[in-house]
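Enquirer: From first to last, the protein sequence lines are chains F and P.
For the working numbering, add 1247 to where a residue sits in the first sequence, where the first one is 1.
For the working numbering, add 1247 to where a residue sits in the second sequence, where the first one is 1.
My questions all concern the structure below.
Number of protein chains: 2
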Amino acid sequence: MGDNIKVIIYGCGVMGCKVARALLDKESFEIVGAVDINPELVGKDLGDVLDINKKLDIEIEKDAEALFSKTKAQAVVHTTTSYLKDVLPQISQCVKAGLNVISTSEELSYPWKRHPELARELDEFAKKEGVTVTGTGINPGYLMDTLALMLTAPCLSVKTVRVTRMMDSSKRRVPFQKKIGTGMSQEEFREKIEKGIITGHVGLLESINMIAEGLGWELDRAEELPPEPVVDEKEVETVLGRVPPGNVIGLTSLAYGQKGEEKVINLEFCANAAVDEEYDEITIEGEPNIHQKILGGVHGDVGTVAVTINTIPRVVEAMPGLRLMKDLPVPSTTL
Amino acid sequence: MGDNIKVIIYGCGVMGCKVARALLDKESFEIVGAVDINPELVGKDLGDVLDINKKLDIEIEKDAEALFSKTKAQAVVHTTTSYLKDVLPQISQCVKAGLNVISTSEELSYPWKRHPELARELDEFAKKEGVTVTGTGINPGYLMDTLALMLTAPCLSVKTVRVTRMMDSSKRRVPFQKKIGTGMSQEEFREKIEKGIITGHVGLLESINMIAEGLGWELDRAEELPPEPVVDEKEVETVLGRVPPGNVIGLTSLAYGQKGEEKVINLEFCANAAVDEEYDEITIEGEPNIHQKILGGVHGDVGTVAVTINTIPRVVEAMPGLRLMKDLPVPSTTL
């Protein structure tokens, strides 16, 4: 295939491997390289690491710059960590090599508020090198921001935007369940929140700021509250064992954006092991009101992999610079 | 305001007036001219025609080219008729004058299948003149195509797309209710279908073709079935009077796109006076499945006005040519 998009996988952890496996199923893309610094992965064939029972003749390399200098590609799918300061040197390597970047770094989805200086530098660098850089994923990047903005299109005016993501954590990976405190006592949970060991969902502020910018709103305040533990009166069965009544079965993260005294953007991220009904809900108070629901919700891991992959062609075609999901054409499934 | 978008209203009928009134409420836009060929409107002040109790010092002009030659604007909102052959001379005037065009012509939302030659000519002409032309509205343009595509973004693969729009026609304008046959006998309805007097919803094929292109699908067949009358066993109260049992209270339009023997895209447009629950529903069979519902639906007229207005900045900023909604950045409410 001559006109498929050649992609380098930057980060071969859980998400990177999920993205790579999905890319292999698609005719629009070709994986041409892979990078990771983990000594257990460096030097291995990507096929072995993906556990797909065949070699891909792609050796996982430690030195990204060396790989970039010898490999022709259009895009890098970058899945290392959440925080802009940590990923910036890696992304700069890609930009310097003339590669478009699609990253799952949550902070990169809207870096203009938390890191305005770094965002401007990255934007200028990307423009100079003629490439596009975008942070995305199911969330931030899609469910709680870009889709919410899209749903304001049939509105003449908007007063408030409310998004609730209600997830049954028992359907998710064990590390995810650990991350949300499943099984802990409430004391332990609060201690881990204070120490920053449990962070809740990363990216709610990024989503709020993207929505605000999309609607042309100047917020007077945007805040993410510390995650609250969710407990049940009954014992709850989880894959991590039975959780006694009163112990933690998950968490709720709230964030809001305020104009004056009014909370005009409200985001609620709920994940626990006793959810009756999973859904993603967007409510827009405006002219007219819009009330939409994705019944059954969208699976987080699959969704992040899909949104990331489906955004690749949009990023490759976009004008150079740091681009937000809201500024790219509507993403949709690629072949 | 120096950086608002200067807009000319092309067509001062019901939709054109609704768009104009809504534009007046927005700080992002300024109306700088208006065109209509209706002798009852030509020469009148737009403010009088809009019935807003003030003059706008904008005289409705008959000669679009004369207006364009003396008025500086960035965009034309065009709302005359549905069919490409009828609107093409009007849109060509705008393009020739260097004006970007946002039109509610249903066929323009995806002209590449029904009128490939005209579409190519218009695309080339727009590129040559450096302007963008887009057909949009609530539907086609948003609910049954662009939003459906957007909802495939979290999918790794898609097998089928189904969209149902269920509207309570009793909430709509009287001309709309007449258009869908409210009160007629079934015989009269079928006769008017045959004679092309009742056409059902215009644009289902355009939506199907936009979805197919967005997903990279080659359809073997796409068909719009003649509208079917909806009747009730009971008498139904409407603003057009009581409709006896067995007489028409609205219609259902079905269309589908087929790959091989399988109907992979199914669109259903239902409007009648006895709808229990209004909604817009999108169901995607894929990995994962997505089941989305807008509870209460989106009001058609308000939605069309809003989508049209909210698309103006996207069209003004887009690369020149004939652009589809799916190829523009996600629309959202403008200030």
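Every residue gets a Cβ at the ideal spot worked out from N, C-alpha and C, and that includes glycine.
Only a predicted model underlies this, so the values are computations on that prediction, with no experimental measurement involved.
Is residue 1573 of chain P close to chain F? Criterion is C-beta to C-beta, closer than 8 angstroms.
Expert: At least one chain F Cβ lies under 8 angstroms of residue 1573 of chain P.
Enquirer: Below 7 angstroms CB to CB, which residues in the same chain sit around residue 1554 of chain P once its five sequence neighbours on both sides are set aside?
Expert: Closer than 7 angstroms at Cβ, skipping near neighbours: 1383, 1384, 1385, 1388, 1389 and 1578.
Enquirer: Cutting at 7 angstroms between CB atoms, please list the residues of its own chain near residue 1288 of chain F, excluding the five before and the five after it.
Expert: So the list reads 1259, 1296 and 1307, once near-sequence residues are dropped.
Enquirer: Pull out every residue of the segment 1254-1287 of chain F whose Cβ sits closer than 7 angstroms to any Cβ of chain P, in chain order.
Expert: Residues 1269.
Enquirer: Take every Cβ of the segment 1484-1497 of chain P, pair it with every Cβ of the segment 1368-1383 of chain P, and state whether three or more of those distances are shorter than 8 angstroms.
Expert: The answer is no - the segment 1368-1383 of chain P does not touch the segment 1484-1497 of chain P, with fewer than three Cβ pairs under 8 angstroms.
Enquirer: Measure the alpha-carbon distance for residue 1424 of chain P versus residue 1524 of chain P and round it to whole angstroms.
Expert: So the alpha carbons of these two residues sit roughly 18 angstroms apart.
Enquirer: Once you ignore the five residues that flank residue 1279 of chain P on each side, which residues in its own chain have a CB closer than 8 angstroms to its CB?
Expert: The answer, listed in chain order, is 1253, 1254, 1255, 1305, 1318, 1319 and 1320.
Enquirer: For residue 1339 of chain P, which of helix, strand or coil comes out of DSSP?
Expert: Here residue 1339 of chain P sits in helix by DSSP.
Enquirer: Could you tell me whether any Cβ in chain F is nearer than 8 angstroms to the Cβ of residue 1381 of chain P?
Expert: No, no contact with chain F.
Enquirer: Once the 5 residues before and after residue 1248 of chain F are set aside, which same chain residues still bring their CB inside 8 angstroms of it?
Expert: Because the pLDDT at residue 1248 of chain F is just 41, under 50, the model does not fix this residue reliably, and the point stays unresolved.
Enquirer: Mind checking which residues open and close the alpha helix (DSSP H) that includes residue 1476 of chain F?
Expert: First-last for residue 1476 of chain F: 1475-1478, but that is the beta strand (DSSP E), not the alpha helix (DSSP H).
Enquirer: Does the segment 1436-1444 of chain F touch the segment 1553-1573 of chain P, meaning 3 or more C-beta pairs lie closer than 8 angstroms?
Expert: No, the segment 1553-1573 of chain P is not in contact with the segment 1436-1444 of chain F.
Enquirer: How about residue 1579 of chain P: is its C-beta nearer than 8 angstroms to some C-beta of chain F?
Expert: Yes, residue 1579 of chain P lies at the interface with chain F (some Cβ there is under 8 angstroms from its Cβ).
Enquirer: Is there at least one Cβ from chain F nearer than 8 angstroms to residue 1397 of chain P's Cβ?
Expert: Chain F contact via Cβ: present.
Enquirer: Out of curiosity, what's the CA-to-CA distance linking residue 1544 of chain F and residue 1418 of chain F?
Expert: So the alpha carbons of these two residues sit roughly 12 angstroms apart.
Enquirer: Would you verify that the beta carbon of residue 1403 of chain P is, or is not, closer than 8 angstroms to some beta carbon of chain F?
Expert: It does; some Cβ of chain F falls within 8 angstroms.
Enquirer: Is residue 1400 of chain F near residue 1529 of chain F, with beta carbons less than 8 angstroms apart?
Expert: In this structure, residue 1529 of chain F does not lie closer than 8 angstroms to residue 1400 of chain F by Cβ.
Enquirer: Please return the same chain residues whose Cβ sits closer than 6 angstroms to the Cβ of residue 1411 of chain F, not counting the five positions on each side in sequence.
Expert: Taken in chain order, the residues that qualify are 1515 and 1528.
Enquirer: Does residue 1283 of chain P come out as helix, strand or coil in the three-state DSSP assignment?
Expert: The answer is coil: DSSP assigns residue 1283 of chain P none of H, G, I, E or B.
Enquirer: Considering Cα atoms alone, identify which of P:1420, P:1473 and P:1466 is closest to residue 1437 of chain P.
Expert: Among P:1420, P:1473 and P:1466, the Cα nearest to that of residue 1437 of chain P is on P:1473.
Enquirer: Kindly confirm or deny that the segment 1535-1542 of chain P and the segment 1533-1544 of chain F touch, where touching means at least three C-beta pairs closer than 8 angstroms.
Expert: The answer is yes - the segment 1533-1544 of chain F touches the segment 1535-1542 of chain P, with three or more Cβ pairs under 8 angstroms.
Enquirer: First and last residue of the beta strand (DSSP E) that includes residue 1354 of chain F?
Expert: Taken as a continuous stretch (DSSP letters only), residue 1354 of chain F belongs to no beta strand (DSSP E), as it is neither H nor E.
Enquirer: Which residues in the same chain have their Cβ closer than 7 angstroms to the Cβ of residue 1402 of chain P, if we skip the five residues on either side of it in sequence?
Expert: Counting only Cβ-Cβ distances below 7 angstroms, and skipping sequence neighbours, we find 1531, 1533, 1534, 1535 and 1537.
Enquirer: Under 8 angstroms Cβ to Cβ from residue 1573 of chain P, same chain only, skipping five residues before and after it: list those, please.
Expert: The residues are 1392, 1393, 1396, 1457, 1460 and 1461.
Enquirer: Please name the residue or residues paired with residue 1257 of chain P in a DSSP beta bridge.
Expert: Looking at the DSSP assignment, residue 1257 of chain P forms a beta bridge with P:1282 and P:1325.
Enquirer: Would residue 1571 of chain P and residue 1257 of chain P qualify as a contact pair, given that the criterion is a beta-carbon distance under 8 angstroms?
Expert: The answer is no: Cβ separation not under 8 angstroms.
Enquirer: Thinking C-beta only, is residue 1521 of chain F closer than 8 angstroms to residue 1556 of chain F?
Expert: No. Outside cutoff.
Enquirer: Starting from residue 1381 of chain P and walking both ways along the beta strand (DSSP E), at which residues does that stretch end?
Expert: Run containing residue 1381 of chain P: 1379-1382, per the beta strand (DSSP E) assignment.
Enquirer: Could you check whether residue 1331 of chain P and residue 1368 of chain P sit closer than 8 angstroms to each other, using their CB atoms as the reference points?
Expert: Not a contact, by the Cβ cut-off of 8 angstroms.
Enquirer: Mind pulling the chain P residues with CB within less than 9 angstroms of residue 1407 of chain F?
Expert: Going along chain P, no residue has its Cβ under 9 angstroms from residue 1407 of chain F, so there is no contact; the nearest lies around 12 angstroms.
Enquirer: Can you list, in chain order, the residues of its chain whose CB lies under 6 angstroms from that of residue 1501 of chain P, leaving out five sequence neighbours each side?
Expert: If we look at residue 1501 of chain P and ignore the five residues flanking it on each side, its Cβ neighbours are 1472 and 1515.
Enquirer: Skipping 5 residues on each side, what residues in its chain have a beta carbon closer than 7 angstroms to that of residue 1343 of chain P?
Expert: Same-chain partners within the cutoff: 1376.
Enquirer: Mind checking residue 1453 of chain P: buried by the 16 CB within 10 Å criterion, or exposed?
Expert: Result: buried.
Enquirer: Could you check how far apart the C-beta atoms of residue 1282 of chain F and residue 1314 of chain F are, in whole angstroms? I think they sit under 8 angstroms.
Expert: 6 angstroms between Cβ atoms; contact.
Enquirer: Using 10 angstroms around the beta-carbon of residue 1261 of chain P, count the other beta-carbons present and answer buried if the total reaches 16, otherwise exposed.
Expert: Exposed.
Enquirer: In whole angstroms, give me the CA-to-CA distance for residue 1404 of chain F and residue 1271 of chain P.
Expert: Taking the straight line joining both Cα atoms gives about 13 angstroms.
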